[in-house]
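Visitor: Numbering (my numbering), first residue to last: 145 to 280. So that we are looking at the same thing, I have put the structure below in structure tokens.
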């Protein structure tokens with residue numbers, strides 16, 4: 145369901161909730177806040193480079209399928225800002241993820257940068273770069 149003219153601060157609260165859906169196996173809300181228009185990019189922890197909105201959304205659908213219900217997570221936002229129709233956040237994404245084939249939650253921390261643009265009054269994810277954070 146579209147959320148028109150939502151402040152970036154309100155959107156970021158919703159973005160964190162969308163992340164919880166994803167790590168619990170559902171990509172639906174992430175696809176809802178992701179652009180369906182090029183340009184779009186995703187640099188996942190695997191080191192791949194995914195280009196194009198359709199390819200990014202398909203990668204997110206496949207990625208969510210590796211998680212299962214019972215995962216927990218939160219964002220540690222180091223900086224976040226918006227100006228006009230562009231916004232971003234950067235920081236850490238911490239999770240205790242339930243993964244397919246594992247009986248115990250797997251702790252993970254990712255370094256994340258995400259960029260958003262407003263499309264027809266809605267904030268849309270247009271770039272995500274996530275890689276594993278070094279522990280300690």
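Built from N, CA and C at the ideal position, the CB exists for glycine as well. Model, not experiment: these values are computed from the prediction.
1) For residue 249, tell me which candidate among 256, 260, 212, 220 has the shortest Cα-Cα distance.
2) Mind checking which residues open and close the beta strand (DSSP E) that includes residue 172?
3) Given residue 229, which residues of its chain have a CB within under 6 Å of its CB, disregarding the five upstream and five downstream residues?
4) So, do the segment 182 to 196 and the segment 154 to 174 have three or more beta carbon pairs nearer to each other than 8 Å?
5) Roughly how many angstroms lie between the CA atoms of residue 226 and residue 277, to the nearest whole one?
6) Under three-state DSSP, which class holds residue 165?
7) State the Cα-Cα distance for the pair residue 162 and residue 173, rounded to the nearest angstrom.
Guide: Inspection of the coordinates gives the following:
1) 212
2) Looking at the DSSP string, residue 172 is not in any beta strand (DSSP E); the run it does join, the alpha helix (DSSP H), is 172 to 177.
3) 261, 262
4) no
5) 25 Å
6) helix
7) 6 Å
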